[in-house]
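*Asks:*
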Amino acid sequence: MWEVSMGSYISYIIDGIWEAKQCILLGIILWLLWNLILFSLKKRSGEKLKKYGFKYLFCELLLVIYLCTILTITGVIRTDISTYVYSVPNMTSLLNIPFKGASIKMVTLNCLLFAPYGFLIFILYGYKKKLSWEKAILIGFFTSLFIEIFQAFTGRLPEVDDLIANTAGFLVGYLTAQGFLELFDKKAYKYGIIRILSTVILFCISIFALSFWANGDALQAEEEAYVKMMEQYGMEHR
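Each step along the sequence shown adds one to the number in the UniProt record's numbering, with nothing skipped, and position 121 is 121.
Laid out in structure tokens, this is it:
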């Protein structure tokens, strides 16, 4: 049994590395095409590149790659086109009570999935261009909404839990990036520490409080324990 699980684990790692390579390659291609379009429209020039600096361009590239990663993980981008399946969209699941019976593990993972996205958005647009967090959060919301609507056409149910968790994770990443950059400012580094700690602590408290409502993991564990008990009972009375 250990060999089977170990083999599956190695297979997951290999698949993950392959998907990561695909996302990086696709991200680089899209980033180059984007810059080519900007140059052709004279929205970007050599002087502006010097003004932006290497760090800005590198973060821009990271953002495109990470967006490709998000879209791959959520099934929007697939390496095998034949796996796309169209179905009549069912949007009624968006009307469900949020997080009722949800898996707290999946909620946490959905938050963490969008946190780097929010982090990079602030680095690129929130710091120098003064993009407010109210406007920035709409970026995370509509990105998640697009993914959920797309999934509705591929046989999967859009989840209001995912929409809320993704948006919350985006905000966590955005505020963390704001605090992170404040650490390099002698006048504001104390605020940076407070901002990062308060964001992380509030996130942890929210997840802990939500775990009492999102009890899907506990229900699944109880169901598995019940099935195991019934199987054992059946073997003993054969």
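We treat Cβ as the ideally placed atom computed from N, Cα and C, and that holds for glycine.
A quick note: this is a predicted structure, and the numbers were derived from the prediction, not measured.
#1: So L113 and I73 are in contact, right, with Cβ under 8 Å, and what is the actual spacing, rounded?
#2: What do you get for Y127, buried or exposed, if any count of 16 or more other CB atoms within 10 angstroms of its CB means buried?
#3: Counting along the chain, where does the alpha helix (DSSP H) carrying N110 start and finish?
#4: Determine the burial state of R195: buried for a count of at least 16 other Cβ atoms within 10 Å of its Cβ, exposed for fewer.
#5: Comparing C-alpha positions only, which one of N96, F99, F141, T108 sits nearest to G118?
#6: Does DSSP put V64 in a helix, a strand or coil?
#7: State buried or exposed for I37, treating a residue as buried only when at least 16 other CB atoms are found within 10 Å of its CB.
#8: I'd like to know whether the C-beta atoms of I164 and P98 end up nearer to each other than 8 Å.
#9: Compute the Euclidean distance between the alpha carbons of Y56 and Q22, then round it to the nearest angstrom.
#10: Using only CA atoms, which one of G173, I147, V160 lies nearest to V76?
#11: Return the chain-ordered list of same chain residues with a C-beta closer than 6 Å to the C-beta of A177, the five sequence neighbours on each side being excluded.
#12: Three-state secondary structure (DSSP) at W18?
#13: CB T199 to CB L183, shorter than 8 Å?
#14: Assign I70 to one of two classes, buried (16 or more other C-beta atoms within 10 Å of its C-beta) or exposed (fewer than that).
#15: Sorted by chain position, which residues of the same chain lie with C-beta nearer than 8 Å to R156's C-beta, five sequence neighbours on each side aside?
#16: Hey, T167 and S144 are a contact pair by Cβ (cut 8 Å); roughly how many whole angstroms apart?
#17: Tell me where the alpha helix (DSSP H) around F146 begins and ends.
#18: Going by DSSP, what residue range makes up the alpha helix (DSSP H) through L171?
#19: The ligand FAD heavy atoms versus the CB of L183: any closer than 7 Å?
#20: Got a sec, what are the start and stop residues for the alpha helix (DSSP H) A209 sits in?
#21: Looking only at its chain, what residues have a beta carbon closer than 8 Å to the beta carbon of L49, apart from the 5 residues adjacent to it on each side?
#22: Out of I193, F170, T108, which has the shortest C-alpha to C-alpha gap to I205?
*Replies:* Once the coordinates are examined:
#1: As a working note, residue 113 is residue 113 in the sequence shown. As a working note, residue 73 is residue 73 in the sequence shown. With 8 Å as the limit, L113 and I73 qualify as a contact, their Cβ atoms being about 7 Å apart.
#2: By one-based count along the sequence shown, residue 127 stands at place 127. Answer is exposed; the Cβ neighbour count stays below 16.
#3: The sequence position of residue 110 within the sequence shown is 110, counting from 1. Start and end: 104 to 121.
#4: Walking along the sequence shown from the start, residue 195 turns up at place 195. In the assembly as shown, R195 is a buried residue. Its beta-carbon has 16 or more other beta-carbons within 10 Å.
#5: Numbered from its first residue, the sequence shown carries residue 118 at position 118. Measuring from the Cα of G118, the nearest candidate turns out to be F141.
#6: Reading the sequence shown from its first residue, position 64 is the one you call residue 64. Judged by DSSP in its simplified three-state form, V64 adopts helix.
#7: What you label residue 37 is simply residue 37 of the sequence shown in a count that begins at 1. Burial is judged here by how many other beta carbons sit within 10 angstroms of a residue's own beta carbon; I37 has fewer than 16 and is exposed.
#8: Your numbering for residue 164 matches position 164 in the sequence shown. Your numbering for residue 98 matches position 98 in the sequence shown. Cβ distance < 8 Å, so I164 and P98 count as in contact.
#9: Position 56 of the sequence shown, counted from the first residue, corresponds to residue 56. Position 22 of the sequence shown, counted from the first residue, corresponds to residue 22. Between Y56 and Q22, the C-alpha separation is close to 23 Å.
#10: Sequence index remark: in the sequence shown, residue 76 carries index 76 (1-based). It is I147.
#11: Within the sequence shown, numbered from 1, the residue matching residue 177 stands at position 177. Once the five neighbours on either side are set aside, the close Cβ partners of A177 are F119, F122, I123.
#12: Residue mapping note: residue 18 aligns to position 18 of the sequence shown, counting from 1. Three-state result, W18: helix.
#13: Against the sequence shown, residue 199 aligns to sequence position 199. Against the sequence shown, residue 183 aligns to sequence position 183. No. Outside cutoff.
#14: Residue mapping note: residue 70 aligns to position 70 of the sequence shown, counting from 1. Buried, by the Cβ-count rule.
#15: Sequence index remark: in the sequence shown, residue 156 carries index 156 (1-based). Cβ neighbours of R156 beyond the five flanking positions: G75.
#16: Taking the first residue of the sequence shown as 1, we reach residue 167 at position 167. Taking the first residue of the sequence shown as 1, we reach residue 144 at position 144. Distance from T167 to S144 at the Cβ level is roughly 6 Å; contact confirmed, criterion being Cβ atoms closer than 8 Å.
#17: Against the sequence shown, residue 146 aligns to sequence position 146. DSSP places F146 inside the alpha helix (DSSP H), whose first and last residues are 133 to 152.
#18: By one-based count along the sequence shown, residue 171 stands at place 171. Going by DSSP, L171 is part of the alpha helix (DSSP H) stretching over 160 to 182.
#19: With respect to the ligand FAD, the structure shown offers nothing to examine, as it has no ligands at all.
#20: Here the question's residue 209 lines up with position 209 in the sequence shown. Residues 189 to 210.
#21: Position 49 of the sequence shown, counted from the first residue, corresponds to residue 49. Result list for L49: L57, in chain order.
#22: Taking the first residue of the sequence shown as 1, we reach residue 205 at position 205. Closest in C-alpha terms to I205, from the list I193, F170, T108, comes T108.
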